[in-house]
Amino acid sequence: MKQLRSQEWFGRKDKSGFIARSWLKNQGLPNDAFDGRPVIGICNTWSELTPCNAHLRDLAEQVKMGVLEAGGIAFEFPVMSLGEALMKPTTMLFRNLASMDVEESIRGNPIDGVVILANCDKTTPACLMGAASVNLPTLVVSGGPMLNGKHHGKDIGSGTDLWKFSEDLRAGIITQSQFDQSENDMSRSPGACNTMGTASTLACMVEALGLSLPGSAAIPAVDANRRRVSRLSGRRIVEMVKQDCKLSDILIRQAFENAIIVNAAIGGSTNFILHLLAIAGRMEIPLTLDDFDHLSQNIPLLVNLKPSGQYLMEDFYYAGGVPAVINQLLDKLHLDTRNVNGLTLSENYSRSETYNPQVITPRSKPLQENAGTMVLRGNLCPDGAIIKPSAATFQLLNHKARAFVFENIEEYNHRINDPDLPVAENDILVLKGAGPRGYPGMPEVGNFGLPLKLLKRGVRDMIRISDGRMSGTAFGTIVLHVSPESSVGGPLALVQTGDIIELSCERRELTLHVSEEELLRRRAQWQPDLPDYPRGYANLYIRTVQQANLGADLDFLIGQSGTDIKREPHPE
43 MKQLRSQEWF GRKDKSGFIA RSWLKNQGLP NDAFDGRPVI GICNTWSELT
93 PCNAHLRDLA EQVKMGVLEA GGIAFEFPVM SLGEALMKPT TMLFRNLASM
143 DVEESIRGNP IDGVVILANC DKTTPACLMG AASVNLPTLV VSGGPMLNGK
193 HHGKDIGSGT DLWKFSEDLR AGIITQSQFD QSENDMSRSP GACNTMGTAS
243 TLACMVEALG LSLPGSAAIP AVDANRRRVS RLSGRRIVEM VKQDCKLSDI
293 LIRQAFENAI IVNAAIGGST NFILHLLAIA GRMEIPLTLD DFDHLSQNIP
343 LLVNLKPSGQ YLMEDFYYAG GVPAVINQLL DKLHLDTRNV NGLTLSENYS
393 RSETYNPQVI TPRSKPLQEN AGTMVLRGNL CPDGAIIKPS AATFQLLNHK
443 ARAFVFENIE EYNHRINDPD LPVAENDILV LKGAGPRGYP GMPEVGNFGL
493 PLKLLKRGVR DMIRISDGRM SGTAFGTIVL HVSPESSVGG PLALVQTGDI
543 IELSCERREL TLHVSEEELL RRRAQWQPDL PDYPRGYANL YIRTVQQANL
593 GADLDFLIGQ SGTDIKREPH PE
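The structure is reproduced here in structure tokens:
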């Protein structure tokens, strides 16, 4: 085994080596802690302000024990944590900042390999983006989903049922007291959303990419197997360092293709696209929106989970989890891609079984024949937009109607409950100003609620179009990620109430039926509408963030920084 990176710090017999060893010895470390054994960094996104990740301190201890058992030494370090339920204006604004934190924390410290502890929506991609830019041996331990919610004798799911309860409250179907009661019934344990929201989608993505131990994606946060796999991951990362198995050995083009196919079969979150594009950009692997559309075609929806189905993540795990899904897709996948455990996809999953066909359906009887996320093109979204058919109303997937426009989220909030709002149930709702630069951060407002007057008539879905995102737990006939965004002059900026818009999922088109002459006239009168952030990270973000079709990373972060740092903190 070649000399480890950490020995550039600990193996020296000069002043710099003295400093590196001596100051760490204030924690009681013996001399042989620095004898050349692998040094593992445990990158922990634990935070009490990130409820999904609040149990990761416990998992970190399990990883440490595994590292020690395998002959390594572990150092846990914190990085910026992103709590989806609490942070304003949106955690997506800070995903790239957290990735910078991870990248420099790994790169600047005496670390040979990394175990990432992540769970909440943006913590997983942020950590992977940062780690990818350094490219050391890396393994991911997800925190797992919380237990199923229980309300009035029924299972309820994070987010998905909240959106339903919220609309029922607005419509007067349930009382405020009934709404309040569900608050204590939904989140019953540590862990991430128990629907196939973004957090669970990305845990499945990590496994499909080969970056976590097989079968680990869906283990509930409080199941003993979650602690067990954390300990085994600690053991395995030491072996990965000895084998010099880096991220670039796992994250090849074929692994990304596998993840896209698996995501279609599980009915994964639309946010998956943004994050996988960003990770691919850090690995310098060409990946485009068209790849998602092409690879998702003809992939059946096999997982019967909210928001696209009936069950929850706890049920998914006990039904066989990601291994059961991959086993049914072996003819669609690249079988020779490798997992962090050193085995190929075929070796890991060819014998996996399904234990509950109601939750994970057989290929012969899928929930839907072709339910992968669709990429739309057209004069309203020249650089693309997306829609998730599995969570939509079938009758609305091909629809031509009048647009009803909200210029920004403030106008929407001010007008949506107006009983005299001049909107009809067949209209197409349009929200502007929710893109990466325009909000900033591209918030989860794409699943904005329906007009109160229509809710009271029993309307429960309408086509909604925006340049924002939606929660992975959300549902509806919702067109998202319209690119370019309105705030930088994309065609969405020119839409006016009364225009005719046509959504054709059959043709994968989103068309604004307004003449070119009229659009030119409107463009001549249009003024940019970027938010005013004169300082700090938000200012940097607005100036450098890429559009959604490219993954919304900062343009100067694409690619890799590597592991080498030439300059020392002290003179020789």
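Residue numbers (this note's numbering): 43 to 614. No residue lacks a Cβ here, since even glycine has one placed at the ideal position from N, Cα and C. None of these values were measured; they are calculated from a predicted model.
Proximity of residue i and residue j at Cβ, strictly below 8 Å
{"i": "A306", "j": "G239", "result": "no"}
{"i": "G114", "j": "I84", "result": "no"}
{"i": "G233", "j": "P256", "result": "no"}
{"i": "V109", "j": "I279", "result": "yes"}
{"i": "L37", "j": "L422", "result": "The first residue shown for the chain is 43 and the last is 614, placing residue 37 beyond what the model contains."}
{"i": "A476", "j": "S525", "result": "no"}
{"i": "P152", "j": "A241", "result": "no"}
{"i": "G510", "j": "V487", "result": "yes"}
{"i": "G276", "j": "V157", "result": "yes"}
{"i": "L135", "j": "P482", "result": "yes"}
{"i": "H523", "j": "I600", "result": "no"}
{"i": "V105", "j": "R273", "result": "yes"}
{"i": "S338", "j": "N440", "result": "no"}
{"i": "P431", "j": "L344", "result": "no"}
{"i": "F358", "j": "L372", "result": "no"}
{"i": "V264", "j": "L159", "result": "no"}
DSSP-derived helix/strand/coil call for residue i
{"i": "L639", "result": "Here the chain has residues from 43 to 614 only, and residue 639 is not among them."}
{"i": "L582", "result": "helix"}
{"i": "D56", "result": "coil"}
{"i": "D210", "result": "helix"}
{"i": "Y417", "result": "The question names Tyr, but residue 417 is Val in the sequence shown. Strand."}
{"i": "T180", "result": "strand"}
{"i": "Q220", "result": "helix"}
{"i": "D197", "result": "strand"}
{"i": "T553", "result": "strand"}
{"i": "K608", "result": "coil"}
{"i": "P93", "result": "helix"}
{"i": "Y360", "result": "helix"}
{"i": "K348", "result": "coil"}
{"i": "T379", "result": "coil"}
{"i": "F517", "result": "coil"}
{"i": "K442", "result": "strand"}
{"i": "P365", "result": "helix"}
{"i": "N73", "result": "helix"}
{"i": "Q591", "result": "Note on residue identity: the sequence assigns Asn, not Gln, to residue 591. Reduced to three states, the DSSP call for N591 is helix."}
Own chain, CB closer than 7 Å to residue i, minus 5 neighbours either side, in chain order
{"i": "E458", "result": "Sequence check: residue 458 is Ile here, not Glu. Result list for I458: G491, P493, L494, in chain order."}
{"i": "I216", "result": "F207, D210"}
{"i": "S394", "result": "G362, P365, A366, I368, N369"}
{"i": "V501", "result": "E467, L492"}
{"i": "I321", "result": "P167, L170, M171, A174"}
{"i": "F52", "result": "G59, A62, R63, F76, P152"}
{"i": "P478", "result": "M484, E527, V587, Q589, A590, A594"}
{"i": "M512", "result": "T312, E486, G488, N489, I520, L522"}
{"i": "G578", "result": "none"}
Contacts around residue i, its chain only, beta-carbon distance under 6 Å, and the 5 residues preceding and following it disregarded
{"i": "V556", "result": "D541"}
{"i": "T243", "result": "G310, S311, F314, G514"}
{"i": "C246", "result": "A259, I308, V364"}
{"i": "N412", "result": "N340"}
{"i": "Y397", "result": "A361, G362"}
{"i": "E118", "result": "I84, N86, A102"}
{"i": "L71", "result": "none"}
{"i": "D335", "result": "V417"}
{"i": "V472", "result": "A445, V447, I507, V537"}
{"i": "Y283", "result": "For clarity, residue 283 is Val in the given sequence; the question names Tyr instead. Cβ within range, chain order: P80, D154, G155, P179."}
{"i": "H193", "result": "S224, D227"}
{"i": "A112", "result": "R277, V280"}
8 Å Cβ shell around residue i - same chain, five flanking residues per side excluded
{"i": "S123", "result": "T87, W88, S89, L91, T92, N95, A140, C162, T165"}
{"i": "Q602", "result": "A174, S175, V176, N177, R324, M325, E326"}
{"i": "P605", "result": "A quick correction: the sequence has Thr, not Pro, at residue 605. For T605, where only same-chain residues beyond five positions count, the Cβ hits under 8 Å are R47, R149, V176, N177, L178."}
Determine, using beta-carbon pairs with one atom in the region 287-305 and one in the region 321-341, whether at least three such pairs fall under 8 Å.
-> Touching, yes.
Unbroken beta strand (DSSP E) runs of length 3 or more, entirely within the region 455-512: which are they?
-> 470-473, 506-508
Taking contact to mean at least 3 C-beta pairs separated by less than 8 Å, is the region 58-73 in contact with the region 90-99?
-> By the C-beta criterion, the region 58-73 is judged not to be in contact with the region 90-99, since fewer than 3 inter-stretch pairs fall below 8 Å.
Within the chosen definition, does the region 223-235 reach the region 371-389 through at least 3 CB pairs nearer than 8 Å?
-> no
State whether the region 528-537 contacts the region 569-577, with contact taken as three or more CB pairs (one from each stretch) at a distance under 8 Å.
-> yes
How about the region 382-393 and the region 353-360: do they share at least three Cβ pairs that are nearer than 8 Å?
-> In short, these stretches do not touch, since the Cβ pair count stays below three.
So, do the region 180-198 and the region 456-472 have three or more beta carbon pairs nearer to each other than 8 Å?
-> no
Counting only runs of 4+ residues fully inside the region 95-180, write out the alpha helix (DSSP H) ranges in chain order.
-> 98-111, 134-149, 165-176
Could you tell me whether the region 194-203 touches the region 171-178, using the rule of 3 or more Cβ pairs below 8 Å?
-> At 8 Å Cβ cutoff, the stretches do not touch.
Scan the region 221-261 and note each continuous alpha helix (DSSP H) run of 4 residues or more that stays entirely inside, going in chain order.
-> 240-251
Could you tell me which uninterrupted beta strand (DSSP E) segments, each at least 3 residues in length, are contained entirely in the region 517-548, listed from first to last along the chain?
-> Listed in chain order, the complete beta strand (DSSP E) runs (minimum 3 residues) inside the region 517-548 are 520-522, 542-546.
What are the complete alpha helix (DSSP H) segments, minimum 4 residues, inside the region 392-437?
-> none
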